[in-house]
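Numbering (our numbering), first residue to last: 1373 to 1653. Heads up, the beta-carbon is just placed ideally off N, CA and C, and yes, glycines get one too.
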Amino acid sequence: MNLSAKPLARLVRTTVIPLLGGTLLAGCATSPTGESTLLLNSPTQMNAIGEKSFEQIKANTPIDSGDKVNRYVRCVSEALIDRIPASYGLQSEQWEIRVFKDDAVNAFAVPGGKIGVYTGMLKMVDNQDQLAAVIGHEISHVLAQHSNARLSQQQLTSTGLNMANLLLTNRVEAGTQEALMTAMGLGAEYGVILPYSRSHEREADVLGQDLMADAGFDPRQASSLWRKMAAEGGSAPPEFMSTHPAPTSRVSILGDRVKELQPIYEQARAEGRKPQCDALR
């Protein structure tokens, strides 16, 4: 016998939502920019996950051990790490920085103090400031615990779907149940997960640009980098269906922030923070 819409809604409202409510309340936190976020995993757990992931990448991707390229990437990375606010408690962490031989225009940072930069990204950036924009952005994902929030959202979504699937079993015909679960999955993906990731990217853009300015890197180069990527990227998927903001959107947002960051950049330079990493290229 089919379960009608009203009983189904009542079932979800009275059973699934209350079961998830306690989890939501327990994991609520606030991001560095004041946004509410969900963190279900401890820093120790996230560090272990990050370290394991990094080891897997090192095992499967060639590492560029060239002295020159590594000194260049370390110069930029360490200048940024040195300016991580004390409130994060990460300054003394032993960051591991690796350059990977891969033409992908990519870089990443994961919990546990791990940074990876692909040689394809080094070919894309024009100078130390643009590389600082990239690495600062990736470090900011770690500072804002975006991996934890992303994983927590997926865990919660999976829990909700599994609970609903369990509750629906034997309550509706097989075809109807499959259709309901498909609809719920799509709703979870496009209504929760993807927008959540885009908000993380925007937050990392802001935090990363702040960090690079305070480290003495020119914050104007953040928008210059994304303008270049937009020009070289060709056609891109619609922003609504992407996990990242469109390059043109980033150019506008980062460009608008330069005026407020210019005094921070100038103060950093006045205090002697003048990275000379380009000399190592």
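Spanning the alpha carbons of Gln1639 and Asp1586 requires a straight line of approximately 8 Å.
Distance from the CA of Ala1479 to the CA of Leu1626, rounded to the nearest whole angstrom, comes to 19 Å. If you look at Tyr1444, you'll find it in the alpha helix (DSSP H) that goes Asp1439 to Ile1453.
CA-CA distance, Asp1590 to Ile1435, rounds to 29 Å. Contact annotation: Asp1582 and Leu1503 have beta-carbon atoms that are not nearer than 8 Å. In its chain, beyond the 5 residues on either side, Gly1508, His1509 and Ser1512 have a beta carbon closer than 6 Å to the beta carbon of Gly1580. Ile1487: not part of any alpha helix (DSSP H); member of the beta strand (DSSP E) spanning Lys1486 to Tyr1490, first to last residue. DSSP places Leu1412 in the coil class of the three-state scheme, outside both helix and strand. Counting along the chain, the unbroken beta strand (DSSP E) around Glu1468 starts and ends at Glu1468 to Phe1472.
Setting aside the 5 residues that flank it on each side, Ala1451 is surrounded in the same chain by Ala1504, Ala1587, Gly1588, Phe1589, Arg1645, Pro1647 and Cys1649, each with a C-beta closer than 8 Å to its C-beta; the list follows chain order. By the criterion of a C-beta distance shorter than 7 Å, Arg1455 is surrounded in its chain by Leu1583, Asp1586 and Ala1587, once the five residues flanking it on both sides are discounted. Taking each of Ala1458, Ser1571 and Tyr1637 in turn and checking the Cα distance to Ala1618, the smallest one comes out for Ser1571. By the Cβ-count criterion, Asn1520 is buried, with 16 or more other Cβ atoms from all chains shown falling within 10 Å of its own Cβ. In this structure, Leu1597 and Val1506 form a Cβ contact; the two beta carbons are roughly 7 Å apart against a cut-off of 8 Å.
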